[in-house]
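Undergrad: Read left to right, the sequence shown gives residues 2 to 694 (my numbering). This structure is in structure tokens; I'll ask about it shortly.
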Amino acid sequence: MTDAAVPTHCPYCALQCGMSLRPTADEPGVEVVERADFPVNRGALCGKGRTAPAVLSSRVRLTEPLVRRSPGGPLEPAGWDEALGAVAAGLARTRAEHGPDAVGVFGGGGLTNEKAYALGKFARVVLGTSQIDYNGRFCMSSAAAAHQRAFGLDRGLPFPLADIPRTGCVILVGSNLAETMPPALRYLTELRENGGTLIVVDPRRTRTAEQADLHLAPRPGTDLALALGVLHLVVAQGRTDEEFVRERTAGWPEARAAAMAHWPEHVERVTGVPVPQLREAVRMFCDAPTGMVLTARGPEQQSKGTDTVGAWINFCLATGRAGRPLSGYGCLTGQGNGQGGREHGQKADQLPGYRKLTDPAAREHVARVWGVDPDGLPGPGRSAYELLDALGGEVRSLLLMGSNPVVSAPRAAHIEGRLRSLDFLAVADVVLSETAALADVVLPVAQWAEETGTTTSVEGRVLLRRRALGPPAGVRSDLQVLHGLAGLLGHEKGFPADPEEVFEELRRASEGGPADYSGITYRRIAAEDGVFWPCPGEGHPGTPRLFLDRFATDDGRARFVPVVHRPAAEETDAEYPVLLTTGRVVSQYQSGAQTRRVDELNAAAPGPFVELHPRLAERLGVSEGDRLAVVSRRGRAVAPARITTAIRADTVFMPFHWPGEGRANNLTNPALDPTSRMPEFKVCAVRVERVGV
Ligand SMILES: Nc1nc2c(c(=O)[nH]1)N[C@H]1C(S)=C(S)[C@@H](COP(=O)(O)OP(=O)(O)OC[C@H]3O[C@@H](n4cnc5c(=O)[nH]c(N)nc54)[C@H](O)[C@@H]3O)O[C@H]1N2
Ligand SMILES: Nc1nc2c(c(=O)[nH]1)N[C@H]1C(S)=C(S)[C@@H](COP(=O)(O)OP(=O)(O)OC[C@H]3O[C@@H](n4cnc5c(=O)[nH]c(N)nc54)[C@H](O)[C@@H]3O)O[C@H]1N2
Ligand code: SF4
Ligand SMILES: [Mo]
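Written out as structure tokens, the structure is:
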């Protein structure tokens, strides 16, 4: 590392790997160099992080605002005054004609804390709308809801990743860490080198499952039954930690009774996981002195995700594997600021510091920081899918920052139609995403390496991304955009463009809240490799480990929640006899808006595919590479067959990174979890056919 290299973090996933950026003479102006001193990844990066500077290049990104000057006309280059003026006028017109709740705002879990905070404040204070939500709703919202219910607080991991190699047994449920956070795989490798055991629950034998001592491959959508089945066995085998249950929890009798209704033989029929494997999992977990259950999108992106995570938390509590060193339940949050993005007010029901919008004391506190009347703050709005579904109906204009729902929303063709039916759409993005291409105004914004800001990683560690180079001429930051729009809409003050100034206000707004950042400063983060929240004072060391003395409930006890299994919203039938599940590949990120612009990543993962088992392929008369149409009640997607024994024979898998005919979200079911409002991305019923025969 030369003196000129700037230490920072990757723009993509929640691992937030440390890297340094060194200036180069040629475009894009910086290159990645290893930053071995950052403890989480110790210099290791996946291909996405390594190639991230390619998206800084003017060749692939937006460098000037675009305005559609007539309905149905083309997007044309424009100056910033015209573009911002058009956005302010578009949003103001809707508000004047239809009221403030006809104006919507959609954010993203990739936005820095400062941006998420400013966007939430902008919606409530400048637009006066309740209609704000963000793509994190599609991500970890079920785990967040279950966390709140059981522990009284939602921080994805209650311990640092570095604790994983020192625990006795890890059950990893529906996470393909080897592809979605590759440098973190080393924690699982070290676990096994230290004599610990790894159990992976995934309908596919993924690169992650290949590392496991035991791989359970349930039918998609049946995780709740599986979790209840192993809890049943814990009780039946006398493995309950009675003392822990008595001292640290409440609600066990009801949860126990609910679990006891799930006989292992019944669970085997529902999940397809043989009883001996269920028994083996319980034995491995309970024989180890300590243990962790970690979930990711597999069990969470279901219309019963909250209850499923709740069942795994019950399992941890019953076995005494929570609130103790080297034990606990954790959720592997996904997006770069997936954790912080859910804490500072871009969520429909939330105020900064993870406060509730319905709590009078929270409204009072935040309104004081904002210098507004608490009675003027709107109430909770619609959740992400419900908001997108209301576009063109009750919600007539939208400001969108940091998401590409044309590719990533469930039932995407319908949502694309809703977006097209808006009176006015403004999108701030770094590239012309599929969603930006539909906008009336596109605002070109700066990226990670071009601006300073904080993110909060999968561990709950608040990190500082530093500016390493200036953005191209013609590009502004999201904070400058909000500053400019607020000014045009009559709020000269309260929306500074300087990130540190925003962070200082965020500290005050979060003070005393569940996610208390008041003791965190840019200086401290830089000096300490990040600071774990809650951190309620500058003298406070931060909190790497939660719940060791008490849980964050009123009485300090964790809550069991009685849950029972229910089927997926859509089951197979004669017309749609196969299950579809969806997810990711290592070389593309999310809707692909950024990574599809990087040659090296496209070469590694050029397009969509349908993964299916040889038995299913044979039944359908399909060979490797044949074009397949996958059809659900919502639509159709076409992609080549990829035949592998690594998937259940009753299930096909598609990654969701691409638009066009291979868009997996043409098929997905927007059935929502009743608590978290998470759509059922991980299971729906489909028919698979060869195309052109
Ligand atoms: N390469 C890459 N990395 C990423 C991202 C990316 O887009 N690309 N995105 C980031 C983000 S935002 C997120 S949220 C994370 C997601 O990280 P992961 O949760 O690891 O990713 P997914 O591929 O969505 O799903 C994980 C696994 O769930 C399995 N699964 C499917 N259905 C079920 C089911 O019913 N039950 C169970 N138990 N498992 C099931 C899939 O087979 C898959 O292997 O990754 C982050 N990292
Ligand atoms: N079928 C299926 N669908 C899924 C999932 C699944 O597993 N299966 N997973 C869901 C999950 S977990 C998630 S998180 C979502 C994610 O899906 P999206 O919300 O679409 O996420 P991204 O593709 O990351 O979109 C981010 C957009 O913001 C832009 N951007 C990046 N940085 C900035 C910035 O600083 N400012 C601004 N203004 N823009 C920026 C990017 O260029 C990109 O266009 O997809 C969900 N959709
Ligand atoms: S694992 Fe995540 S944070 Fe690390 S380099 Fe890859 S995308 Fe970036
Ligand atoms: Mo996500």
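For every residue, glycine included, the Cβ atom is placed at its ideal position computed from N, Cα and C. These numbers come from a predicted model, not from an experiment.
With H, G and I counted as helix, E and B as strand and the rest as coil, what does DSSP make of Ile-526?
TA: Within the sequence shown, numbered from 1, the residue matching residue 526 stands at position 525. It is helical.
Undergrad: Can you tell me which of Thr-334, Ala-427 and His-263 puts its alpha carbon nearest to the alpha carbon of Leu-486?
TA: Translated into positions along the sequence shown, residue 486 becomes position 485. Nearest C-alpha to Leu-486: Ala-427.
Undergrad: What do you reckon, is the C-beta of Gln-351 under 7 angstroms from a heavy atom of ligand 3?
TA: Counting from 1 along the sequence shown, the entry for residue 351 is found at position 350. No, the Cβ of Gln-351 stays beyond 7 angstroms of every heavy atom of ligand 3.
Undergrad: Is the segment 226-239 touching the segment 249-260, taking contact as three or more C-beta pairs under 8 angstroms?
TA: Yes, the segment 226-239 is in contact with the segment 249-260.
Undergrad: Please look up how many angstroms separate the CB atoms of Leu-112 and Asn-338, rounded, as I've assumed it's under 8 angstroms.
TA: Counting from one through the sequence shown, the residue named residue 112 turns up at place 111. Counting from one through the sequence shown, the residue named residue 338 turns up at place 337. Confirmed, Cβ separation roughly 6 angstroms.
Undergrad: Lys-357 bridges to which residues according to DSSP?
TA: Looking up residue 357 in the sequence shown gives position 356. Bridge partners of Lys-357: Gln-351.
Undergrad: What does the shell around ligand 3 hold, if a residue joins when its beta-carbon is under 5 angstroms from any heavy atom?
TA: My final list is Cys-11, Tyr-13, Cys-14, Leu-16, Cys-18, Leu-46, Cys-47, Lys-49, Gly-50 and Met-182.
Undergrad: Given that a residue counts as buried once 16 or more other Cβ atoms are within 10 Å of its Cβ, and exposed if not, what is Ser-71?
TA: Within the sequence shown, numbered from 1, the residue matching residue 71 stands at position 70. Label assigned to Ser-71: exposed.
Undergrad: So does Gly-1 have its beta carbon nearer than 7 angstroms to some heavy atom of ligand 1?
TA: Only positions 2 to 694 of the chain appear in the structure, and residue 1 is not among them; the question remains open.
Undergrad: Let me know the secondary structure DSSP gives Phe-425 once reduced to three states.
TA: Numbered from its first residue, the sequence shown carries residue 425 at position 424. Looking at Phe-425 - three-state DSSP - the assignment turns out to be strand.
Undergrad: What span of residues does the beta strand (DSSP E) with Met-655 cover, start to end?
TA: Sequence index remark: in the sequence shown, residue 655 carries index 654 (1-based). 652-656 is the span of the beta strand (DSSP E), which, as asked, contains Met-655.
Undergrad: Check whether the Cβ atoms of Ala-119 and Leu-483 lie closer than 8 angstroms to each other.
TA: As a first step, residue 119 is located in the sequence shown; it is residue number 118 there, counting from the start. As a first step, residue 483 is located in the sequence shown; it is residue number 482 there, counting from the start. Yes, these two residues count as a Cβ contact at 8 angstroms.
Undergrad: On a CA-only basis, which of Thr-209, Arg-96, Gly-454 and Arg-325 is nearest Gly-169? Give me that one, please.
TA: Stepping through the sequence shown from its first residue, residue 169 is reached at position 168. The shortest Cα separation from Gly-169 among Thr-209, Arg-96, Gly-454 and Arg-325 belongs to Arg-325.
Undergrad: Nearest CA to the CA of Glu-35: which residue from Asp-27, Pro-24 and Arg-51?
TA: If you number the sequence shown from 1, residue 35 lands on position 34. Measuring from the Cα of Glu-35, the nearest candidate turns out to be Arg-51.
Undergrad: How about Pro-656 and Thr-669: are their beta carbons less than 8 angstroms apart?
TA: Translated into the one-based positions of the sequence shown, residue 656 becomes position 655. Translated into the one-based positions of the sequence shown, residue 669 becomes position 668. No, they are not a contact pair.
Undergrad: Could you round the C-beta distance between Asp-350 and Met-402 to whole angstroms and report it? I think they count as a contact, below 8 angstroms.
TA: The residue you call residue 350 lines up with position 349 of the sequence shown. The residue you call residue 402 lines up with position 401 of the sequence shown. Asp-350 to Met-402, Cβ: 19 angstroms. No contact.
Undergrad: Beta-carbon separation of Ala-55 and Pro-75 under 8 angstroms?
TA: Residue numbering aside, residue 55 sits at position 54 when the sequence shown is read from its first letter. Residue numbering aside, residue 75 sits at position 74 when the sequence shown is read from its first letter. No, they are not a contact pair.
Undergrad: Inspect the beta-carbon positions of Leu-489 and Gly-197 and report whether they are closer than 8 angstroms.
TA: In the sequence shown, counting from the first residue as 1, residue 489 sits at position 488. In the sequence shown, counting from the first residue as 1, residue 197 sits at position 196. For Leu-489 and Gly-197, no; Cβs fall outside 8 angstroms.
Undergrad: Evaluate Asn-136 with the Cβ neighbour count: other Cβ atoms within 10 Å of its Cβ, from every protein chain shown; 16 or more gives buried, anything less gives exposed.
TA: The residue given as residue 136 occupies position 135 in the sequence shown. Answer is buried; the Cβ neighbour count reaches 16.
Undergrad: Where does the unbroken alpha helix (DSSP H) through Ser-143 begin, and where does it stop?
TA: Along the sequence shown, read from residue 1 onward, the residue named residue 143 stands at position 142. Segment 142-152, the alpha helix (DSSP H) holding Ser-143.
Undergrad: Can you give me the C-alpha to C-alpha distance between Val-7 and Tyr-590, rounded to a whole angstrom?
TA: Locating residue 7 in the sequence shown gives position 6, counting from the first residue. Locating residue 590 in the sequence shown gives position 589, counting from the first residue. Roughly 24 angstroms between the two C-alpha positions.
Undergrad: Starting from the Cα of Phe-245, find the closest Cα among Glu-365, Ala-319, Thr-207 and Val-174 and give me that residue.
TA: Taking the first residue of the sequence shown as 1, we reach residue 245 at position 244. Selected option, being the one with the closest Cα: Ala-319.
Undergrad: Contact defined as beta carbons within less than 8 angstroms: I believe Asp-308 pairs with Leu-225. What is the distance between those atoms, to the nearest angstrom?
TA: Taking the first residue of the sequence shown as 1, we reach residue 308 at position 307. Taking the first residue of the sequence shown as 1, we reach residue 225 at position 224. At roughly 6 angstroms, the Cβ-Cβ gap stays under 8 angstroms, so Asp-308 and Leu-225 are in contact.
Undergrad: Return the chain-ordered ranges of every alpha helix (DSSP H) run that is complete within the segment 27-86 and spans a minimum of 4 residues.
TA: Those alpha helix (DSSP H) runs which fall completely within the segment 27-86 and span 4+ residues are 48-51.
Undergrad: What does the alpha-carbon distance come out to for the pair Tyr-13 and Leu-295?
TA: Locating residue 13 in the sequence shown gives position 12, counting from the first residue. Locating residue 295 in the sequence shown gives position 294, counting from the first residue. In a straight line, the C-alpha of Tyr-13 is about 21 angstroms away from that of Leu-295.
Undergrad: From the DSSP output, read off the bridge partner residues of Arg-688.
TA: Within the sequence shown, numbered from 1, the residue matching residue 688 stands at position 687. Answer is Val-632, bridged to Arg-688.
Undergrad: Compute every distance between the C-beta of Gly-339 and the non-hydrogen atoms of ligand 4, then say whether any falls below 7 angstroms.
TA: If you number the sequence shown from 1, residue 339 lands on position 338. Yes, Cβ of Gly-339 sits closer than 7 angstroms to a heavy atom of ligand 4.
Undergrad: As an exercise, report each continuous alpha helix (DSSP H) stretch of at least 4 residues that is fully enclosed by the segment 224-305, in chain order.
TA: For the segment 224-305, whole alpha helix (DSSP H) runs of length 4 or above, ordered along the chain, are 224-237, 243-249, 253-261, 265-272, 276-288 and 298-301.
Undergrad: So does the segment 98-108 actually touch the segment 127-134, counting three or more Cβ pairs closer than 8 angstroms?
TA: Yes, since at least three Cβ pairs between the segment 98-108 and the segment 127-134 fall closer than 8 angstroms, the two stretches touch.
Undergrad: Following a CB-centred definition, is Phe-654 positioned closer than 7 angstroms to any heavy atom of ligand 1?
TA: Along the sequence shown, read from residue 1 onward, the residue named residue 654 stands at position 653. Yes, since a heavy atom of ligand 1 falls inside the 7 angstroms radius drawn around the Cβ of Phe-654.
Undergrad: Rounded to whole angstroms, what is the Cα-Cα separation between Val-632 and Gly-622?
TA: Locating residue 632 in the sequence shown gives position 631, counting from the first residue. Locating residue 622 in the sequence shown gives position 621, counting from the first residue. Approximately 17 angstroms, taken between the alpha carbons.
Undergrad: Applying the criterion that 16 or more other CB atoms from any shown protein chain within 10 Å of the CB defines a buried residue, is Ala-151 buried or exposed?
TA: Translated into positions along the sequence shown, residue 151 becomes position 150. Classification of Ala-151: buried, given that the 10 Å Cβ count is 16 or more.
Undergrad: Hey, is the segment 496-512 in contact with the segment 360-373, meaning 3+ C-beta pairs nearer than 8 angstroms?
TA: Touching, yes.
Undergrad: Hey, is Cys-332 close to ligand 4, as in C-beta under 7 angstroms from one of its heavy atoms?
TA: Looking up residue 332 in the sequence shown gives position 331. No, since every heavy atom of ligand 4 falls outside the 7 angstroms radius drawn around the Cβ of Cys-332.
Undergrad: Can you list, in chain order, the residues of its chain whose CB lies under 6 angstroms from that of Val-587, leaving out five sequence neighbours each side?
TA: The residue labelled residue 587 in the question sits at position 586 within the sequence shown. Excluding sequence neighbours, Val-587 sits near Glu-180.
Undergrad: Cβ atoms of Met-141 and Cys-332: under 8 angstroms apart, would you say?
TA: Position 331 of the sequence shown holds residue 332. Position 140 of the sequence shown holds residue 141. In this structure, Met-141 lies closer than 8 angstroms to Cys-332 by Cβ.
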